[in-house]
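All remarks here apply to the structure that follows.
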Amino acid sequence: MTASLRRARSRCATAAHRLAIAICVALLAACHSHAPRAWRLTDVRGHLPDLRFRLVGGAGHPVTAQALRGENVLLYFGYTHCPDACPLTMTHLHRVIVDLGPLAKDVRILFVSVDPARDTPQVVQEYAAAFDPRAVGLTGDMSEIETLAKRYRVAFKRGPDLPGGGYEVTHSSAIYVFDTRGRARLIASPADTDGDIAHDLRILIGTEGSR
Amino acid sequence: MMRAIGRRTVAALLGAALLGAAAGPVAAATIGVSHAWIRVLPGDLPAAGYARLENRGDESIALVGAHSGSYRRIMLHESLTSGGMAEMKRVSHLTIPAHGRAALSPGGYHLMLMGAVRPVKPGDKVSITLVFAGGATETVTFLAMPANTSRGP
Ligand SMILES: [Cu+2]
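Respectively, the protein sequence lines represent chains G and B. Be aware that the first sequence starts at 1, since it is given in my numbering, and climbs by one per residue. Be aware that the second sequence starts at 212, since it is given in my numbering, and climbs by one per residue.
What follows is the structure in structure tokens.
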């Protein structure tokens with residue numbers, strides 16, 4: 001039995017109906033890993049490069065994407081002087097983690113700063129952890145952050161200096177979902193519901209073993 | 212501190228003049244503020260203030276600013292998401308229509324609270340004075356809540 005046949009069989013076995021099994025067997029060729037799924041988020045598989053970065057974590061130590069293999073990563077870009085929009089998305093992701101319960105044990109939220117000038121490793125880690133214990137805050141050299149952002153076509157722009165001091169940063173609001181091998185799989189927007197994000201993560205987590 | 216408040220009051224009056232809304236000072240009784248809370252963030256990071264606003268009067272009212280003994284600087288902000296980009300900008304006012312409602316709420320209008328005079332922790336109650344066009348003010352108790360609060364009080 002080929003590996004792909006075994007995979008197909010195990011997936012088909014979950015179908016309740018004999019008819020479904022019959023159809024599945026008949027369509028064995030179509031039943032491989034690219035079988036269409038009922039994703040609710042945007043499926044970007046094969047359209048974006050694998051997760052790769054070298055940034056700095058809370059303790060001031062380097063953190064690489066390689067160290068996160070084995071975890072489903074939710075990647076979001078923001079800045080800690082953002083008290084409204086970024087917290088809304090981070091709280092959203094926190095609710096998804098709570099919703100997933102024990103399934104979230106290998107899910108990691110990455111909050112990558114687009115404002116490394118103000119976001120020290122400690123500040124960005126404290127900020128991320130204030131939303132969820134599974135959240136990691138990362139910062140680093142502007143060039144490393146720009147490279148990561150460009151990799152996923154994420155835009156950000158520092159605004160003008162404000163009269164009373166400080167500045168705002170406009171940034172992409174998307175959430176990038178990676179599988180345990182670091183492959184870009186889905187994009188969520190802040191408008192997607194907790195339920196839709198959790199739904200797709202359940203599928204992704206459920207399929208990891210068979211990939 | 213006094214100078215800062217003075218400047219803010221001038222700005223509020225100027226705002227009122229520019230807006231031309233609410234000819235005289237609005238009676239505080241016409242403005243109802245409820246569900247006021249603060250999303251607290253770690254360290255010295257700015258926090259956000261939210262509340263529901265109700266205007267029981269016959270004229271529209273504009274919220275033009277706020278001040279508090281607990282924060283050195285408060286600005287009225289709006290978060291906008293368009294074309295996949297999130298942006299936060301300062302706004303001059305938030306209009307509450309006659310016999311209508313408006314809200315300072317996550318992902319929209321909010322008070323940007325900067326420079327906490329002493330650390331604000333979840334569970335704390337913080338007094339903030341809202342300033343309306345025409346010079347009316349309303350002092351409200353905001354409940355400080357954790358960063359990952361989904362729904363306010
Ligand atoms: Cu703001």
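Just so it is clear, CB atoms sit at the ideal spot from N, CA and C, and this is done for glycine as well. As the structure is a computational prediction, the values presented were derived from the model and not from experiment.
I'd like the list of long-range same chain contacts for residue i, defined as Cβ closer than 6 Å, with 5 residues on each side in sequence excluded.
i                 : result
Ser281 of chain B : Val328 and Val337
Ile23 of chain G  : Note that Ile23 of chain G scores 44 on pLDDT, short of 50, meaning its location in the model is unreliable; the coordinates nonetheless yield the value given after this. Around Ile23 of chain G: no qualifying Cβ.
Met299 of chain B : His288 and Ser290
Thr64 of chain G  : Arg54
Val114 of chain G : Phe77, Tyr79, Phe156, Val169 and His171
Go through its chain and collect everything with a Cβ distance to residue i's Cβ below 7 Å, but skip five positions before and after it.
i                 : result
Pro357 of chain B : Val251 and Pro333
His246 of chain B : Ala262, Arg263, Gly363 and Pro364
Gly60 of chain G  : Pro121
Ala142 of chain G : Per the sequence shown, residue 142 of chain G should be read as Met rather than Ala. Answer for Met142 of chain G: Pro116, listed in chain order.
Asp179 of chain G : Asn72, Arg185, Leu204 and Glu208
Ala130 of chain G : none
Asp196 of chain G : Arg40 and Leu41
Ala228 of chain B : The predicted position of Ala228 of chain B is uncertain, since its pLDDT is 44 and thus under 50; no value can be drawn from it.
Gly58 of chain G  : Pro121, Gln122, Gln125 and Gly137
Does the beta carbon of residue i fall short of 7 Å from some heavy atom of ligand 1?
i                 : result
Ala259 of chain B : yes
Asp99 of chain G  : no
Met323 of chain B : yes
Pro62 of chain G  : no
Met299 of chain B : yes
Asp269 of chain B : no
Pro83 of chain G  : yes
His288 of chain B : yes
Could you please give the first and the last residue of the uninterrupted alpha helix (DSSP H) stretch that includes residue i?
i                 : result
His92 of chain G  : Ala85 to Leu100
Tyr152 of chain G : No alpha helix (DSSP H) contains Tyr152 of chain G, which DSSP labels as neither H nor E.
Tyr246 of chain G : Residue 246 of chain G falls outside the range modelled here, since chain G spans only 1 to 211, and no answer is possible.
Could you spell out the range, first to last residue, of the beta strand (DSSP E) harbouring residue i?
i                 : result
Ser113 of chain G : Val107 to Ser113
Glu289 of chain B : Tyr282 to Ser293
Ala67 of chain G  : Segment: none, Ala67 of chain G is in no beta strand (DSSP E) and carries neither H nor E.
Leu305 of chain B : Leu305 to Ile307
Phe178 of chain G : Ile175 to Phe178
Ser245 of chain B : Ile242 to Arg250
Tyr79 of chain G  : Element bounds for Tyr79 of chain G: n/a, residue is neither H nor E.
Tyr167 of chain G : Careful: Tyr167 of chain G lies outside any beta strand (DSSP E) and carries neither H nor E.
Thr350 of chain B : Thr348 to Met356
Arg181 of chain G : That residue, Arg181 of chain G, is in no beta strand (DSSP E); it is neither H nor E in DSSP.
Gly159 of chain G : Here Gly159 of chain G belongs to no beta strand (DSSP E), and DSSP marks it neither H nor E.
Arg263 of chain B : Ala258 to Asn266
Gly276 of chain B : Ile272 to His278
Gly57 of chain G  : Where Gly57 of chain G is concerned, there is no enclosing beta strand (DSSP E), given that its DSSP letter is neither H nor E.
Ala135 of chain G : Ala135 to Leu138
Arg301 of chain B : Met296 to Arg301
For residue i, which residues of its own chain have a beta-carbon under 8 Å away from its beta-carbon, when the five flanking residues on both sides are left out?
i                 : result
Val244 of chain B : Ala262, Arg263, Leu264, Glu265, Leu341, Glu349 and Val351
Arg312 of chain B : Arg263, Leu264, Glu265 and Asn266
Leu93 of chain G  : Leu74, Tyr76, Ile109, Phe131, Asp132, Ala135, Ile175 and Ile197
Ala191 of chain G : none
Ile97 of chain G  : Ala104, Val107, Ile109, Asp132 and Arg134
Asp99 of chain G  : Asp194, Gly195 and Ala198
Arg118 of chain G : Tyr79, Thr80 and His81
Asp43 of chain G  : Arg37, Arg185 and Leu186
So is the beta-carbon of residue i under 7 Å away from any non-hydrogen atom of ligand 2?
i                 : result
His310 of chain B : In the structure on display, ligand 2 does not appear, and the ligands it does have are ligand 1.
Notebook entry, point to check: Would the stretch 64-81 of chain G and the stretch 339-353 of chain B be scored as touching if the rule is three or more Cβ pairs under 8 Å?
Noted result: no
Note to self: Runs of 4 residues minimum, wholly inside the stretch 314-339 of chain B: which ones carry the alpha helix (DSSP H) assignment?
What the structure shows: none
Item checked: the stretch 158-165 of chain G in contact with the stretch 131-147 of chain G per 3-pair CB rule at 8 Å -> no
Margin query: With three or more beta-carbon pairs closer than 8 Å as the criterion, would you say the stretch 267-283 of chain B touches the stretch 292-306 of chain B?
Written below: yes
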